[in-house]
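Participant:
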Amino acid sequence: MKRSIWMLVIPFLLIGILSACGLNGNKEVSQPLKERVTIKLHTHGTEDGYAWKKIINAFEKEHKHIRIEVNSLSEIQDAQEALQKIDLAAASGEEMDVLMFTNTTDYTQRIKLDMLEPIDRFIEEEGFTFDEEYKVNTQMDGHYYGLPGKLFTWYVLINKDHLQEAGLKVPKSWTWEEYMEYAKQMTTEERFGTYFHGPFDGAWIEFLKLRLVSKETNAGFIKSDGTSNLDDPMYRKSLEMRLKMEKEDQSVFPYLAMISEKTNYRDLFFNQQISMMITGTWMNSEIGKSEHFPLDFELAFAPLPQNDIDQEGAYAPIDGDILSIALHSKHKKEAYEFIRWYSTKGLLIQGTEMSAWKQVSGDQMNELIDNVISKIPSEKVDKESFTHTLQYTLPPVLEEQLVHMYDINRELTSEFEKFILEKQSLNQTLENSQKIVQEKIDQN
């Protein structure tokens with residue numbers, strides 16, 4: 009019996025020995041695979057809006073040691089809903105690796121709350137200069153805490169039917185004075201000529217400084233040299249324009265109604281209660297494709313109005329999604345590998361969004377524009393005006409993000425509300441605003 013068992017075992021032992029000899033004799037000994045880690049991405053973006061499957065599949069093919077787990081925090085891509093869930097997750101100690109923000113204001117607030125990991129060491133190891141790589145500046149207090157992905161820039165959406173009724177043409181370039189006149193001429197008893205979605209509670213602050221953000225440099229409340237910018241004549245003109253359009257021309261949807269009714273600007277525009285609105289490229293994926301907002305009229309695009317018609321193009325605010333590494337991530341190196349790849353190759357693979365990466369070639373940019381246009385199914389969209397608007401729009405000079413900007417935005421919004429509701433004069437508003445900004449500068 010014992011002899012029989014050994015007769016069965018010996019062949020297998022010989023096979024094992026020969027196999028071992030074969031492996032030892034092979035010079036190309038296979039190296040052990042890296043342990044695969046899972047990176048948890050928390051985002052407002054849905055599959056429909058961001059094509060995560062396509063992006064993640066491409067990334068994981070190139071980075072076999074990393075798996076990406078997408079946690080979409082809002083079914084309707086509501087950035088504020090997602091942000092609240094991110095804050096709750098951070099407070100409860102939930103494991104997070106990569107966090108996505110939709111704008112620099114929300115991003116800087118999370119830096120202030122000590123939620124994000126500085127990525128300076130990764131940038132230094134890679135050896136690139138940030139301003140040469142990206143169109144959106146994420147630096148704050150001398151450090152980088154994230155990389156920009158999708159690029160947002162601003163434009164004007166116009167109801168072309170209303171435009172033609174008023175005997176007006178689609179503008180290829182125009183001034184703010186012309187914008188005011190367009191709004192006035194398209195206003196009727198049934199609708200307003202335009203709509204401004206802000207400011208409120210420190211958000212959508214660009215609507216408080218429309219003529220400032222139309223500049224190439226020093227387009228914010230604080231100049232690049234760290235001094236107050238509220239003495240810029242364009243800030244006063246921004247306030248004067250808002251007041252004239254609301255009280256004298258009555259061509260803009262009332263500010264009080266906007267903040268009290270929590271107005272959805274998409275409803276107003278697509279239901280033709282307003283003729284034009286200042287918005288941006290975040291609307292690209294919705295135009296002509298939304299069942300909730302069917303397109304029942306001809307639609308055109310125009311660049312943001314200019315302070316000077318002789319400018320070579322229209323300067324407009326730029327912002328974008330920002331991807332950061334959670335402070336308590338256990339896989340910071342792998343998380344950086346993902347956000348760097350996503351902010352460069354990833355968006356090109358997605359193929360439908362403007363990228364903040366400066367290394368995108370002219371041909372690649374034209375291909376992106378063509379892809380966006382091809383996905384607009386409606387024949388009611390003036391695609392030529394869309395292409396012109398994107399090509400004519402210029403980015404302003406990059407400025408560093410400041411940790412106290414969120415507080416400034418909220419306090420200046422409060423001053424604007426008193427002004428637009430006629431509770432204080434223009435001069436008093438300017439004086440109070442200048443004091444607020446100067447105090448923040450002195451404190452920081």
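For the sequence shown, the residue numbers in the working numbering are 9 to 452.
By construction, the Cβ of each residue, glycine as well, lies at the ideal position given by its N, Cα and C atoms.
What are the start and end residues of each continuous alpha helix (DSSP H) run of 4 or more residues lying completely inside the stretch 94-118, in chain order?
Facilitator: List check, alpha helix (DSSP H) in window: nothing returned.
Participant: List the endpoints of the continuous alpha helix (DSSP H) containing I381.
Facilitator: Unbroken alpha helix (DSSP H) run through I381: 370-382.
Participant: Would you check if the stretch 213-223 and the stretch 236-256 touch, i.e. whether three or more CB-CB distances between them fall below 8 Å?
Facilitator: Cβ pair count under 8 Å is three or more, so yes.
Participant: Would you list, in sequence order, the uninterrupted beta strand (DSSP E) runs of no fewer than 3 residues that lie entirely inside the stretch 268-355?
Facilitator: 282-288, 307-310, 326-333, all fully within the stretch 268-355.
Participant: Which ranges does the alpha helix (DSSP H) cover as unbroken runs of at least 4 residues, wholly within the stretch 154-211, from first to last along the chain?
Facilitator: List check, alpha helix (DSSP H) in window: 168-173, 184-194.
Participant: Looking at the secondary structure, which residues open and close the alpha helix (DSSP H) in which R250 lies?
Facilitator: From DSSP, the alpha helix (DSSP H) with R250 extends over 241-251.
Participant: Can you look up I127 in the DSSP assignment and give me helix, strand or coil?
Facilitator: Coil at I127, not helix or strand.
Participant: Nearest to I213 by alpha carbon, out of Y142, E140, Q147, P325?
Facilitator: The shortest C-alpha separation from I213 is found at P325.
Participant: When burial is assigned at 16 or more other CB atoms within 10 Å of the CB, is A265 buried or exposed?
Facilitator: Classification for A265: exposed.
Participant: In this structure, does DSSP put S82 in helix, strand or coil?
Facilitator: It is coil, neither helix nor strand.
Participant: According to DSSP, is R418 part of a helix, a strand, or is it coil?
Facilitator: Helix, per DSSP.
Participant: S332 and L115 - do their beta-carbons sit closer together than 8 Å?
Facilitator: Correcting the residue type first, residue 115 is Tyr in the shown sequence and not Leu. Yes, they are a contact pair.
Participant: Report the option in W162, L155, S268, E189 whose CA atom is closest to the CA atom of D209.
Facilitator: The shortest C-alpha separation from D209 is found at S268.
Participant: With DSSP run on the structure shown, which of helix, strand or coil describes K223?
Facilitator: K223 falls in the coil class under three-state DSSP.
Participant: I need the DSSP call for L410, collapsed to helix, strand or coil.
Facilitator: Three-state DSSP puts L410 in coil, outside helix and strand.
Participant: Compute the distance between the beta-carbons of H52 and D86, then report whether it is under 8 Å.
Facilitator: Closer than 8 Å, so yes.
Participant: Just verifying my parser: in three-state terms, what is the DSSP assignment at E43?
Facilitator: Here E43 sits in coil by DSSP.
Participant: Grouping DSSP H, G and I as helix and E and B as strand, with all else coil, what is V389?
Facilitator: Residue state, collapsed to three classes: strand.
Participant: Could you check whether the stretch 349-369 touches the stretch 131-151, counting it as contact only if at least three pairs of C-beta atoms, one from each stretch, sit closer than 8 Å?
Facilitator: Because the criterion of three Cβ pairs below 8 Å is met, the stretch 349-369 and the stretch 131-151 touch.
Participant: Would you check if the distance between the CB atom of L124 and the CB atom of A364 is smaller than 8 Å?
Facilitator: Not in contact: L124 and A364 (Cβ atoms no closer than 8 Å).
Participant: Is it buried or exposed, T112, if we count other Cβ atoms within 10 angstroms and call 16 or more buried?
Facilitator: Flag for T112 reads buried.
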